[in-house]
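Add 364 to the 1-based position in the sequence shown for the numbering used here, that's all there is to it. Ideal placement from N, C-alpha and C gives every residue a C-beta, glycine not left out.
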Amino acid sequence: MLDGGPADGMRVKVADRPRVVQVTYPCRAEGAAAGVRVEGVYVYRLDHGVTEEPLRYGFDIACP
């Protein structure tokens with residue numbers, strides 16, 4: 365379960381227990397060349413204090 369940030373409350377299934385989950389969100393781009401896309405990137409880090417399902421990933425506001 366993702367906690368905080370733009371994907372707050374979203375549940376995702378992941379293999380194993382990755383330390384970091386990256387969420388991307390498409391952005392509008394005016395005047396972009398064909399095939400170019402822009403995405404906002406958000407990082408969520410595994411909360412090691414949670415030992416039971418569902419695992420929690422907290423939004424890392426410091427990551428660009």
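Endpoints, the beta strand (DSSP E) within which residue i is located
{"i": "Leu410", "result": "Val402 to Leu410"}
{"i": "Val387", "result": "Val384 to Cys391"}
{"i": "Gly422", "result": "Tyr421 to Phe423"}
Reference residue i, options the options, closest by Cα
{"i": "Gly373", "options": "Met365, Pro382 and Tyr389", "result": "Met365"}
{"i": "Gly404", "options": "Val384, Asp380, Glu416 and Ala393", "result": "Ala393"}
{"i": "Asp380", "options": "Val402, Ala426, Val407 and Glu417", "result": "Glu417"}
{"i": "Arg409", "options": "Val400, Gly422 and Gly399", "result": "Gly422"}
{"i": "Asp367", "options": "Cys427, Lys377 and Asp411", "result": "Asp411"}
8 Å contact criterion, which residue i and residue j should meet: CB distance rounded
{"i": "Val384", "j": "Ala371", "result": "About 13 Å; that fails the 8 Å criterion."}
{"i": "Cys391", "j": "Val400", "result": "That belief does not hold up - the Cβ atoms of Cys391 and Val400 are roughly 11 Å apart, past 8 Å."}
With 16 other Cβ atoms within 10 Å as the buried cut-off, status of residue i
{"i": "Tyr406", "result": "buried"}
{"i": "Tyr389", "result": "exposed"}
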